[in-house]
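Protein sequence lines correspond, in order, to chains V and C.
Counted the way the working numbering counts, the first sequence spans residues 4 to 428.
Counted the way the working numbering counts, the second sequence spans residues -9 to 178.
We put the beta carbon where it would ideally sit given N, CA and C, even for glycine.
This report concerns only the one structure given below.
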Amino acid sequence: MSFPWANEYKPSNAFTRYLDEKLPLPRFVYNAVGAGYPVPRNLNYFWNFGVLAGVALMVQIVSGIILAMHYAAEGTVAFASVEHIMRDVNAGWFIRYAHMNGASMFFIVVYIHIFRGLFYGSYKPPREMVWHLGLVIFLLMMATAFMGYVLPWGQMSFWGAKVITGLFGAIPLVGEPIQTWLLGGFAPDNAALNRFFSLHYLLPFVILGVIVLHIWALHIPGSSNPTGVEVKSEQDTVPFHPYYTAKDGVGVAAFFLVFATLLFFAPNFLGEPDNYIPANPMSTPANIVPEWYFWPFYAILRAFTVDFLFIPAKLLGVLAMFAAILLLFFLPWLDTSAVRSGHYRPLFRKFFWFGLIPCIVVLGYCGGSHATDGIVLISQFAAAYYFAHFLIILPLIARVETPKPLPNSITEAVLAQHATLQPAE
Amino acid sequence: MASLKEDSATAGGDQGGVRRRDFINVAAASFAGVGAVSVALPLINQMNPSADVLAEASTEVDVSAIAPGQAIKTIFRKQPLFVRHLTPEEIAAAEKVSTSELRDPQTLEERTKAGKKQWLVTMGVCTHLGCVPLGAAAGEIKGEFGGYFCPCHGSSYDTAGRIRKGPAPKNLMVPEYAFTSDTVIKVG
């Protein structure tokens, strides 16, 4: 692990020397996120988002633990207990809005983190395990966010729970028993609410565990960088601390600026007003929509309207939605180009910015809209492109593209850029 | 360490690589495995509906007040139930359709009780993902086939509650029910 020129931890006083002998935790931290971890010197601000995701998770865990002190997971009082937090608990509104918008912030930074990986080819060997663990974290996040959204027991909570658990009902034969088993009843009710609360409390700590594995796996080959060229010598790297702790500090400040703006000035901007109506099993909201971070997947779910062969449309939609994420696990073998960074891949770059990104934006828009014929038609084209991008276009690009010449080293790339920025005197 | 390895290797003598200790290993692992499974079963089964959820009495509905063309929403097993009094035009519209063009072929007769085909009793649960379709209460849109319309993903049902358009795979489910008198039905 790490490079031979990494700084070595030297305990400075008698106490740290004693600690280093009995429990070398300071040494571990020093090597993981301190001066003992050499990092490529050319990381841009997109490399902040891993740390930002960690910060967002901490915000969620702290605010969530506090909310759990005031919340009651019982069908008849859950909605009222959330309103109690909003109106009566000291600073309850602040903690609840922080948790609500913190979830959105978490997804924003994680999506940017994922797209950073997609553009710079971070998923390619030797970091494919890092990518896979990241996807596991993403799946856990989705499950956690979904169950958390059910807890206020508003209209969207209830109907979201019904629709999402209904997805499992699409599985042939065993679907309905599975749905009943997940809910503990025939429709979402007290049993479902309680188990969702229990799991919503548990899963963030599972995420924390997988993050440890994610970082562990990352530190074996070391961080990637915008050129995609591997570290070759000591002059290609700088110690994580103080260089990237400082750079990440800038990012964390910007993160909290955006977060605070959302929290204090538009706390309900990303939410659905219908969730302030108590859950009513007899009346479906006019437009059931999940939270914004699920819109692209929801659009794919709704894009299937006709049966194909013996498979009903409903099952196709469900399979496609899950496939849209599971597909990403195969990415390291779908994109066979030896060049990692999109920076040196002219064709890949065009399809990334003008294909994949607009496709996901369109899917997101469709997923958040009312399902009219036109919206469904657009989702169908966008969903088709999404799958084609990963299954057909990426493998083809890898075959036909002529990448731009790569720099010999990170240092060479940095110095070349420096020369163009500041012409020789 | 070396002597320990030697011991275990020679414990049962060399019988084609199988040692007596292997039997103990397999037996111990099997014993623990069976124990783990027998503990896991109740842990999994506790997720299924509890006795109080399952012990739901059947529902009686008085349909005498429902005029032709009207429908009511009531609750059966914590889910909406639609009881609809079809008009002669609606019955004719449902019977005009040939079953060969239906996704889930069923006639109106098969979906109602003998001699009571003006009474359409269905669950108010869309067979796609479980939303409550519109069309039962006055003023709600009934979709292009005049029955029910699910606002979630646009499934349209006809006047017999059969799926005609959209992602839902099945007709609205007809629960088990019987007429206890001319105007009272017992569901469940």
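C369/V vs A385/V beta-carbon contact at 8 Å: Locating residue 369/V in the first sequence gives position 366, where the first residue counts as 1. Locating residue 385/V in the first sequence gives position 382, where the first residue counts as 1. C369/V is a Cβ neighbour of A385/V, given a cutoff of 8 Å.
Cβ neighbour criterion (16 or more within 10 Å) applied to L399/V: For the purposes of this step, residue 399/V is taken as residue 396 along the first sequence, with counting starting at 1. Around the beta carbon of L399/V, a 10 Å sphere encloses fewer than 16 other beta carbons of the protein chains shown; the residue is thus reported as exposed.
Spatially closest choice to I68/V from S201/V, P299/V, H217/V and F141/V, by CA coordinates: For the purposes of this step, residue 68/V is taken as the residue at position 65 of the first sequence. Ranking S201/V, P299/V, H217/V and F141/V by Cα distance to I68/V puts S201/V first.
Partner residues on chain C for F307/V, Cβ-Cβ distance less than 7 Å: Along the first sequence, read from residue 1 onward, the residue named residue 307/V stands at position 304. In chain order: P157.
Alpha carbon of P123/C to alpha carbon of P141/C, nearest angstrom: Start at 1 with the first residue of the second sequence, and residue 123/C comes out as number 133. Start at 1 with the first residue of the second sequence, and residue 141/C comes out as number 151. Whole-angstrom Cα-Cα distance: 7 Å.
Cutoff 8 Å: N38/C Cβ touching any chain V Cβ: For this step, residue 38/C is matched to residue 48 along the second sequence. Closer than 8 Å: yes.
Test: L33/C CB closer than 8 Å to a CB of chain V: Your numbering for residue 33/C matches position 43 in the second sequence. Not a single CB atom of chain V sits nearer than 8 Å to the CB of L33/C.
Chain C residues whose Cβ lies nearer than 8 Å to that of D192/V: In the first sequence, counting from the first residue as 1, residue 192/V sits at position 189. Chain C residues near D192/V: V43 and K68.
Cross-strand partners of D52/C (DSSP beta bridge): Locating residue 52/C in the second sequence gives position 62, where the first residue counts as 1. In the DSSP output, where bridge partners are listed per residue, D52/C has V174/C.
Pick from D148/C, S90/C, F72/C and A83/C that is closest to K132/C, judged by C-alpha positions: Start at 1 with the first residue of the second sequence, and residue 132/C comes out as number 142. The shortest C-alpha separation from K132/C is found at D148/C.
Three or more C-beta pairs below 8 Å linking the segment 248 to 255 of chain V and the segment 125 to 140 of chain V: Result no; under three Cβ-Cβ pairs closer than 8 Å.
K176/C and S90/C closer than 8 Å at C-beta: As a position in the second sequence, residue 176/C is number 186, starting the count at 1. As a position in the second sequence, residue 90/C is number 100, starting the count at 1. Not closer than 8 Å, so no.
Per-residue burial, Q69/C [other beta carbons within 10 Å of its own, 16 or more giving buried]: Counted from its first residue, the second sequence places residue 69/C at position 79. Taking all protein chains in view, the Cβ of Q69/C is crowded by 16 or more other Cβ atoms within 10 Å, so the residue is classified as buried.
DSSP state of S90/C mapped onto helix, strand, coil: What you label residue 90/C is simply residue 100 of the second sequence in a count that begins at 1. Reduced to three states, the DSSP call for S90/C is helix.
Inter-residue spacing [alpha-carbon to alpha-carbon] between G23/C and M89/V: Residue mapping note: residue 23/C aligns to position 33 of the second sequence, counting from 1. Residue mapping note: residue 89/V aligns to position 86 of the first sequence, counting from 1. Cα to Cα, the separation comes out at about 49 Å.
Unbroken beta strand (DSSP E) run spanning S20/C, endpoints: Indexing the second sequence from 1 puts residue 20/C at position 30. For S20/C, there is no enclosing beta strand (DSSP E); the residue is found in the alpha helix (DSSP H) stretching over R10 to N35.
Rounded C-alpha distance that separates S372/V from A106/V: Against the first sequence, residue 372/V aligns to sequence position 369. Against the first sequence, residue 106/V aligns to sequence position 103. Put simply, the backbone Cα of S372/V is about 21 Å away from that of A106/V.
C-beta contact flag for I156/V and A256/V at 8 Å: Counted from its first residue, the first sequence places residue 156/V at position 153. Counted from its first residue, the first sequence places residue 256/V at position 253. First, the amino acid is wrong: residue 156/V is Trp here, not Ile. The answer is no: Cβ separation not under 8 Å.
Within chain C, partners of S286/V - CB distance below 8 Å: The sequence position of residue 286/V within the first sequence is 283, counting from 1. V122, listed in chain order.
Uninterrupted alpha helix (DSSP H) stretches inside the segment 312 to 381 of chain V (no shorter than 4 residues): Listed in chain order, the alpha helix (DSSP H) runs fully inside the segment 312 to 381 of chain V are 316 to 329, 334 to 337, 349 to 354 and 360 to 371, counting runs of at least 4 residues.
Range covered by the alpha helix (DSSP H) that runs through A168/C: By one-based count along the second sequence, residue 168/C stands at place 178. Run containing A168/C: none in the alpha helix (DSSP H); it sits in the beta strand (DSSP E), Y167 to F169.
Segments of 4+ residues assigned as alpha helix (DSSP H) that fall wholly inside the segment 8 to 94 of chain V: Secondary structure within the segment 8 to 94 of chain V: the alpha helix (DSSP H) runs of 4 or more consecutive residues, fully enclosed, are 17 to 25, 28 to 36, 52 to 71 and 81 to 90 (chain order).
Neighbourhood of G30/C by C-beta, 8 Å cutoff - its chain only, sequence neighbours within 5 removed: The sequence position of residue 30/C within the second sequence is 40, counting from 1. Checking the sequence, you will find Ala at residue 30/C rather than Gly. Correct list: empty, nothing qualifies.
Short Cβ contact (8 Å threshold) for L392/V with F351/V: Reading the first sequence from its first residue, position 389 is the one you call residue 392/V. Reading the first sequence from its first residue, position 348 is the one you call residue 351/V. Position check: residue 392/V holds His in this sequence, whereas Leu was assumed. Their beta carbons are not under 8 Å apart, which means H392/V does not touch F351/V by this criterion.
Member of K127/V, F97/V, A195/V and V113/V whose CA lies at the smallest distance from the CA of M150/V: By one-based count along the first sequence, residue 150/V stands at place 147. Among K127/V, F97/V, A195/V and V113/V, the Cα nearest to that of M150/V is on A195/V.
Beta-carbon proximity list for V365/V, same chain, < 7 Å, skipping 5 on both sides: By one-based count along the first sequence, residue 365/V stands at place 362. Beyond the five residues adjoining it in sequence on each side, V365/V comes within less than 7 Å, by CB distance, of I381 and A385 in the same chain, given in chain order.
Rounded straight-line distance, which links the Cα of F21/C to that of V8/C: What you label residue 8/C is simply residue 18 of the second sequence in a count that begins at 1. What you label residue 21/C is simply residue 31 of the second sequence in a count that begins at 1. So the two alpha carbons sit approximately 20 Å from each other.
Cα-Cα separation between H143/C and I210/V, rounded to whole angstroms: Here residue 143/C corresponds to residue number 153 of the second sequence, with the count starting at 1. Here residue 210/V corresponds to residue number 207 of the first sequence, with the count starting at 1. Near 32 Å, if we compare the C-alpha coordinates of I210/V and H143/C.
Opening and closing residue of the beta strand (DSSP E) in which K63/C lies: As a first step, residue 63/C must be located in the second sequence, where it is residue number 73. Secondary structure note for K63/C: its beta strand (DSSP E) is the uninterrupted segment A61 to F66.
The beta strand (DSSP E) enclosing G212/V, as first and last residue numbers: To locate residue 212/V, count along the first sequence from 1; it is residue 209. For G212/V, there is no enclosing beta strand (DSSP E); the residue is part of the alpha helix (DSSP H) that begins and ends at N193 to H222.
Amino acids of chain C, ordered along the chain, whose beta-carbon sits closer than 8 Å to that of P315/V: The residue given as residue 315/V occupies position 312 in the first sequence. Simply P159.
Contact list for the segment 124 to 154 of chain C against chain A, Cβ threshold 7 Å: Among the protein chains of the structure shown, namely V and C, there is no chain A.
Minimum Cβ-Cβ distance from F82/V to chain C less than 8 Å: Translated into the one-based positions of the first sequence, residue 82/V becomes position 79. Taking 8 Å as the threshold, the shortest C-beta distance from F82/V to chain C does not fall below it.
The segment 166 to 183 of chain V / the segment 57 to 74 of chain V touching (three or more Cβ pairs under 8 Å): Segments in contact, no.
Whether H49/V touches V112/V by CB criterion (8 Å): As a position in the first sequence, residue 49/V is number 46, starting the count at 1. As a position in the first sequence, residue 112/V is number 109, starting the count at 1. Note that residue 49/V corresponds to Phe in the displayed sequence, not to His. Judged by beta-carbon spacing, V112/V lies beyond the 8 Å limit of F49/V, meaning their Cβ atoms are not closer than that value.
Identity of the residues DSSP links to V111/C by a beta bridge: Position 121 of the second sequence holds residue 111/C. Paired residue(s): V73/C.
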